[in-house]
Structures are given as C-alpha cells and as structure tokens.
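Undergrad: In our numbering, the protein residues as written are 174 to 498.
By construction, the Cβ of each residue, glycine as well, lies at the ideal position given by its N, Cα and C atoms.
My structure is below; once you've seen it, I'll send some questions.
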Amino acid sequence: MAVKITNKDVIQSYLMTVSKYDFSVYEKRILYRLVEAMQCELEGKKLYPGLRIEKNLYDDRVVLMPISAFLANDDDENYTRVKKALLDLRNKSFEFDDGQVWKVIGIIEKPQFNYKRGWVRFEIQPEVYNAVLNFSKGFRKYELKTAMEFTSQYSMRFYELMSGQERPLIYTIEDLKIMFGVQNKYKRNPDFIKRIVVPAKEELDAKSPYSFEYKILKDGRTFHALKLYPKYQPEHRDEELEKHDLQKQVSLGWDLDRLVRNYLKQDLLFTDQEIRNNIDLFRAAQKELDIMLELSMLKGKSREKKNPKGYIINAIKGKLKDKGK
C-alpha cells in the first residue's frame, strides 16, 4: 500500500529545476520525496512515518524511507520499478552550472532495499543536499500530490518550470532537449515538440493547476525556440492549500515563516535572540522582498566578512530602502 501523500506546497531549488537530466517517473518520485523530506527538516517539521534522515561522520545524509513512499497510489505495486529507479539513480548524476561553477554530482550512493521490512536506504553527498536547498537563483513551489501523480517525467519537468510562473519563458528547443536529456533521441525539433511538448501539455491541461500555451519561434524556416505562456487553472488547485496560501499572504506582516526562520538559524547561524532583535526587519523583508532568494545570495557574500550577520542585516536594510524609492 502506498504511503498516503499529504498534499503540500513543496519548494524546490531553481538550480535543481533546470538541471540537465533524464529521469524516469519513479526516479522523479524518489527525488520529490527527498525534496519534501529536506524541506521538513529545514522547517523543523515532523517527518512522515518511517522516514529517517541521519548525518554520518563524513557529513553525508543517510536516508531511510518506506518503499511505499514512492508509489503514486494504492493501485501502484511496482516494486521492481522502484528498485530499478534506485539503481539508475546510483548510476546517474546532476550537472549544475550556476554561472560561476560547473559541477557534476552523483545523485545517491549505496542504495539498499530490505525485502522483509519494505524500506529503502541510500546515502546522499553534502553537495546534493546543499544543491536541493540552494535558493540563490530562486525556487519553484509546486503541489507534491500533483507532481507525484503525473505519468510522464516530461510532464513533471514542465510542471516544475511553469508552477507559479507569471511571465512567459523562452527556451531554445536545443536547450530544452539538453535540459531533459533527450538531445540524442530527438534530432529533429518537430519530433521533440510532437513527442515531448504536446503530450506533457495535454497532461498538465488535464491535471495541473499550472499549464502553458506555447508559440514556436523560427530562425528562418527552422523551428528554433519555444515561448511558453503560463496558464493558471484554479479548478485543479488544492482548495486547502490555496486557502492556506492566502492566509499567509494576509499575515505576512506579523508572522515570520518557519522556513525563513530555520534558514536563518541553520544556514546563517542566527540565534533565536538575534532573530528576535531584528524581527521587524525580517518581517518587512519577507513582505517586500523574495527573502529566500536574498538570504541565499547573501550567504555566499557574507562568508568573507568580519561580521557576516551584521553584513546580512545591513544588506537587507539596503534592499528595503532601494525597494521603497
């Protein structure tokens, strides 16, 4: 039996969203659960039953999850595919490029499947953990249940790209093929649109709160790029999540989001007292700025400063001052 998916809005690093890879549906589901678990850990929330994340002596995370966590629903009993997904993830890597550093990171190490207990165990390197929580280039927020129930990995990728997006996106078709890891499979651009883009759009139209329309941009007579127009479909949005999101927007001036609070404590090493001393500033930043993006960027810049926390405080004050002009 599948572990019941408690629907929630999950935040995923934009670097992870646009990374170059071609994963199966089951590989993506494992990663979705991993992102969910890391977000719970960052927010200080209780992990779902059967899930454990521990840190070993080498700073790797040791992850234990019930295999049922990767199944889409109660009708899904494809344990063989889950095992294959773990093996494939062991043999694959993320390729990251943030404009400053290019790196390749193995996804998981030492996967195990316990037949009797029905759980899987694997290890992830610190770089993977940090990449998932690296919001320096922004992030995407999406519904976990919706993402888990897609039947195509390409629907999943387009959902991540379009979720919460308000402005059109333009990608060359070649860049999309490379991002999805299918550049050698679909040499002709019309074939990529027919086999990847159209079916993904159809599944998003049928199931997702976020879909897209597209326009083909030509270079002469050649299909060169796609302009993706975001399309919000409120009939597919989880009503409880939408209600919760609206309540958070109303109360932003009074409450500091737990994700922000724990990022300040765990990643930027602010104490509870230091947060309380600057609570009005952080509340204002949460209301007026993309605070997770700003904090992630300041994290790297503050490392070489004599007073990193003071630098962060003054930088936020400056950002708010510029915003008010």
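Spatial neighbours of residue 254 within its chain, please: C-beta separation below 7 Å, excluding the five flanking residues on both sides.
TA: Closer than 7 Å at Cβ, skipping near neighbours: 199.
Undergrad: Looking at the structure shown, is residue 427 part of a helix, part of a strand, or coil, going by DSSP?
TA: Model confidence at residue 427 stands at a pLDDT of 46, short of 50, so the residue's coordinates are unreliable; what they give is reported in the following sentence. The answer is coil: DSSP assigns residue 427 none of H, G, I, E or B.
Undergrad: Should the region 204-216 be regarded as contacting the region 290-306, the criterion being three or more beta carbon pairs within less than 8 Å?
TA: Result yes; three or more Cβ-Cβ pairs closer than 8 Å.
Undergrad: Counting only the same chain and skipping the five closest in sequence on each side, list residues whose C-beta sits under 6 Å from that of residue 338.
TA: Taken in chain order, the residues that qualify are 403.
Undergrad: Do you know offhand how far residue 279's Cα is from residue 302's?
TA: Each residue's alpha carbon lies about 11 Å from the other.
Undergrad: Could you pull the start and end residues of the alpha helix (DSSP H) that residue 356 belongs to?
TA: Residue 356 -> no alpha helix (DSSP H), and no H or E assigned at all.
Undergrad: Quick check on the burial criterion: 16 or more other C-beta atoms within 10 angstroms. Buried or exposed for residue 439?
TA: The residue is exposed, with fewer than 16 neighbouring Cβ atoms inside 10 Å.
Undergrad: Can you give the Cα-Cα distance for residue 408 and residue 380, rounded to whole angstroms?
TA: Using only the alpha carbons, I get a separation of about 9 Å.
Undergrad: Note the first and the last residue of the continuous beta strand (DSSP E) segment covering residue 311.
TA: Neither: residue 311 is in no beta strand (DSSP E) and is coded neither H nor E.
Undergrad: Residue 467 and residue 489: beta carbons closer than 8 Å?
TA: Yes, they are a contact pair.
Undergrad: Measuring CB to CB, does residue 363 end up less than 8 Å from residue 312?
TA: No, they are not a contact pair.
Undergrad: Would you grab the beta carbon distance between residue 400 and residue 388 for me? Rounded to a whole angstrom, and I think it's under 8 Å.
TA: About 4 Å separates the two Cβ atoms, so the contact holds.
Undergrad: Can you check the region 207-289 for any beta strand (DSSP E) of at least 3 residues that lies completely inside it and give the ranges in chain order?
TA: Those beta strand (DSSP E) runs which fall completely within the region 207-289 and span 3+ residues are 225-228, 234-239, 266-270, 275-279 and 282-287.
Undergrad: Based on the DSSP secondary-structure assignment, which residues constitute the bridge partners of residue 193?
TA: The partner list for residue 193 (beta bridge, DSSP) reads 268.
Undergrad: Is the distance from the Cβ of residue 181 to the Cβ of residue 317 below 8 Å?
TA: The answer is yes: Cβ separation under 8 Å.
Undergrad: Among 394, 382, 441 and 437, which has the Cα closest to the Cα of residue 412?
TA: When only C-alpha atoms are compared, the closest one is 382.
Undergrad: With C-beta atoms as the reference, is residue 465 less than 8 Å away from residue 436?
TA: Yes, the Cβ-Cβ distance between residue 465 and residue 436 is below 8 Å.
Undergrad: Expressed to the nearest angstrom, what Euclidean distance is found between the alpha-carbon atoms of residue 478 and residue 434?
TA: Answer to the nearest angstrom: the Cα atoms are 22 Å apart.
Undergrad: Would you say the region 367-378 touches the region 324-340, given that touching needs at least three Cβ pairs under 8 Å?
TA: Yes, the region 367-378 is in contact with the region 324-340.
Undergrad: To the nearest angstrom, how far is it from the Cα of residue 260 to the Cα of residue 267?
TA: Answer to the nearest angstrom: the Cα atoms are 15 Å apart.
Undergrad: Note the first and the last residue of the continuous beta strand (DSSP E) segment covering residue 293.
TA: Note, residue 293: beta strand (DSSP E), 292-297.
Undergrad: Checking the sheet assignment: what are the DSSP bridge partners for residue 404?
TA: Partner(s): 384.
Undergrad: Below 7 Å CB to CB, which residues in the same chain sit around residue 292 once its five sequence neighbours on both sides are set aside?
TA: Excluding positions up to five away in sequence, the list reads 223, 237, 238, 239 and 240.
Undergrad: Taking the beta strand (DSSP E) that residue 338 belongs to, which residues open and close that run?
TA: Per DSSP, residue 338 belongs to no beta strand (DSSP E) and is neither H nor E.
Undergrad: State the start and end residues of the unbroken alpha helix (DSSP H) segment that holds residue 464.
TA: Start and end: 464-475.
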